[in-house]
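One structure below.
Residue numbers (the working numbering): 15 to 628.
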């Protein structure tokens, strides 16, 4: 019951449709049972000599019977007998067939409507789950996304949600249709024989205990199987992403062996899962048949011993009803095993939903409507892990309208600073302020509206060139997009593309060259036209001619703007107002290009190294 209630959390937004579902389930169950109860005694009356030779008792003569249930049975038999006695048998048979036909037709029509309602609820739940999970993932901080395996997230987003989608239908069957149907069968069986029905109640729990034990083990096993599928998906993603390296090093066989190893683990887990899953149905069917045989044996002996409450026709009706009840009982047991499998998937989805996001607006956060003074990094210490600080008590000032460059060897902390300003991460100690306001006290959306970012890795989406540039400002006109592309030296190659600005560029911009991808990201930042620019190796992927043109465009764009520029090629930041040379997370030296050269320190050495490299 606890597991069914947990599954119900997915249905709480569909109470209206569920109510209709329950009502229709009652009607279909009633029609099913009434049809079975009606047809058997009537056929017995029609074709039995006993009824034709025995006078039929009128309804009022059964008042003195032992109990009301027996009275009701006697009244029903009297009504059936009178119906046959007072009408032509062929006519009665015709109307019986017509009534049963109409009953089953209506029942199946209602079942079709129930299935349509089921589909609406089921796919609404999966749609909402995908939406909620996507919103959760897209708002997770960078640190959480880096910790989470991409293949694992993809599996939770696809296979796990599909499992939950199936669980929704399972839950509705288990909670409504099957219990209602079983209830009607039990009431009908009680109507025929209370004693025999109570005997059945003693046997059925045995079936429930066996199926329950099988199902309970499925949840843990399926959780392991889904985790292994996540690993396999992640591995496939890595191989596709690194296909050039795999081919260049002739590593196809090596990677195939790794894949086979993980695939074999998944194979063994799936065999284990479905060995348990597939055992539930035959076990329940076998136990159900055993119960039916025991009921036949007990009921038959009751008739042999002259039990007046259970006649032959009533016993036949009881057996048919009980046999029919096995169908929803078997379905209930199968659905319970499905529920256990799906709850493991639901648990994995819930794990993502429960991830805490530390990068959120403070209660007293204020909007940043303008940028007037500058950026200040004040005694900041930060590390991606607790045991290693990437930045150590660092202080940097970026006045409004100034171009400030960050240089240094790889791992010095340059990109980390670029990630801290938009609050992709939060500092551990110290603070970063805009116009004197701690960025943790600024509404996150308004903070990022002030920033334009171009990273070393050109991040593009499998969409048109136009939509990729519009990401910077969705309300911009196409003319503004074209102007931004021209400034970024991208317009010419866009016009030469297959469909111009409507060309689909493939996953990650795979249909473009590295330089073309980078120029699109620059056009995106130019279109946004923010007061603050963060350029992280923005020209590193460009050829010499494109770099010259784009560098000129960026310099025009950065005039009277605040710019934080991370550059590997020192020639691109010679005109910076201030340069910070970083080493091991600390400021080694700072000053203008000329002043730093005059010091003959770390910056001068970097310039000499690049000059020699040329």
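Just so you know, even glycine gets a beta-carbon here, dropped at the ideal spot from N, CA and C.
Quiz prompt | alpha helix (DSSP H) segment containing residue 597, residue limits | solution = Looking at the DSSP string, residue 597 is not in any alpha helix (DSSP H); the run it does join, the beta strand (DSSP E), is 592-597.
Quiz item: What's the gap between the Cα of residue 540 and the Cα of residue 439?
Solution: 25 angstroms
Quiz item: Under three-state DSSP, which class holds residue 310?
Solution: helix
Quiz prompt | residue 545 beta carbon less than 9 angstroms from that of residue 373 | solution = no
Quiz item: If you pair each beta-carbon of the segment 584-593 with each one of the segment 409-422, do three or more pairs fall below 8 angstroms?
Solution: yes
Quiz item: What are the uninterrupted segments assigned as alpha helix (DSSP H) that are 4 or more residues long and contained completely in the segment 484-542, given in chain order?
Solution: 492-501, 505-509, 528-542
Self-check item: Nearest neighbour of residue 302, chosen from 96, 216, 397 [CA to CA]
Solution: 216
Quiz item: Quick one: Cα of residue 109 to Cα of residue 127, how far?
Solution: 27 angstroms
Quiz item: Given that a residue counts as buried once 16 or more other Cβ atoms are within 10 Å of its Cβ, and exposed if not, what is residue 78?
Solution: Its pLDDT being 43, under 50, residue 78 is placed unreliably by the model, and nothing is read from it.
Practice problem: Spell out a yes or no on whether the segment 327-341 and the segment 197-207 are touching, meaning 3 or more CB-CB pairs, one atom from each, closer than 8 angstroms. | Solution: yes
Quiz item: In whole angstroms, what separates the C-alpha of residue 448 from that of residue 470?
Solution: 24 angstroms
Quiz prompt | Outcome for residue 72 when other beta-carbon atoms lying within 10 angstroms are tallied against a minimum of 16 | solution = Any reading at residue 72 must be qualified, since the residue scores a pLDDT of 46, below 50, and its modelled position is unreliable; the value itself is stated next. Per the 10 Å Cβ criterion, exposed.
Practice problem: Identify the continuous beta strand (DSSP E) that holds residue 422 and give its terminal residues. | Solution: 417-422
Quiz item: Which residue comes first and which comes last in the alpha helix (DSSP H) that contains residue 600?
Solution: Premise fails: residue 600 lies in the beta strand (DSSP E), 600-605, not in any alpha helix (DSSP H).
Self-check item: residue 64 (DSSP reduced to helix, strand or coil)
Solution: For residue 64, the predicted structure reports a pLDDT of 46, less than 50, and the residue's modelled location is therefore unreliable. A value from the coordinates is still provided. Note: residue 64 maps to helix in three-state DSSP.
Quiz prompt | Secondary structure of residue 462, DSSP reduced to three states | solution = helix
Quiz item: To which residues of the same chain is residue 26 closer than 6 angstroms at the C-beta, ignoring the five residues directly before and after it?
Solution: none
Exercise. Return the chain-ordered list of same chain residues with a C-beta closer than 6 angstroms to the C-beta of residue 443, the five sequence neighbours on each side being excluded.
Key: 395
Self-check item: Residue-chain proximity (residue 572, chain D), Cβ-Cβ < 9 angstroms
Solution: Absent from the structure: chain D. Only one protein chain is present.
Quiz item: For the segment 309-378, which segments carrying the alpha helix (DSSP H) assignment without a break, of at least 4 residues, lie completely within its bounds, in sequence order?
Solution: 326-367
Practice problem: Could you tell me whether the segment 424-432 touches the segment 339-352, using the rule of 3 or more Cβ pairs below 8 angstroms? | Solution: no
Quiz prompt | Best match in 249, 131, 202 for proximity to residue 163 [C-alpha to C-alpha] | solution = 249
Exercise. Compute the distance between the beta-carbons of residue 119 and residue 338, then report whether it is under 9 angstroms.
Key: no
Exercise. List the residues that DSSP assigns as beta-bridge partners of residue 451.
Key: 448
Quiz item: Can you name the residues that DSSP bridges to residue 430?
Solution: Answer is none; residue 430 lacks a bridge partner.
Practice problem: Starting from the C-beta of residue 190, find all residues in its chain whose C-beta is less than 8 angstroms away, skip the five residues before and the five after it, and write them out in chain order. | Solution: 32, 35, 36, 39
Self-check item: Spatial distance of residue 30 from residue 141 (CA atoms)
Solution: 18 angstroms
Practice problem: Assign residue 65 to buried or exposed, taking buried as 16 or more other Cβ atoms, counted over all protein chains shown, within 10 Å of its Cβ. | Solution: Summary for residue 65: the model assigns pLDDT 45, below 50, so the residue's position carries little reliability, and this model does not support an answer.
Practice problem: For residue 460, collect the residues of the same chain with a Cβ closer than 6 angstroms to its Cβ; drop the 5 residues on either side in sequence, then sort them by chain order. | Solution: 381, 382
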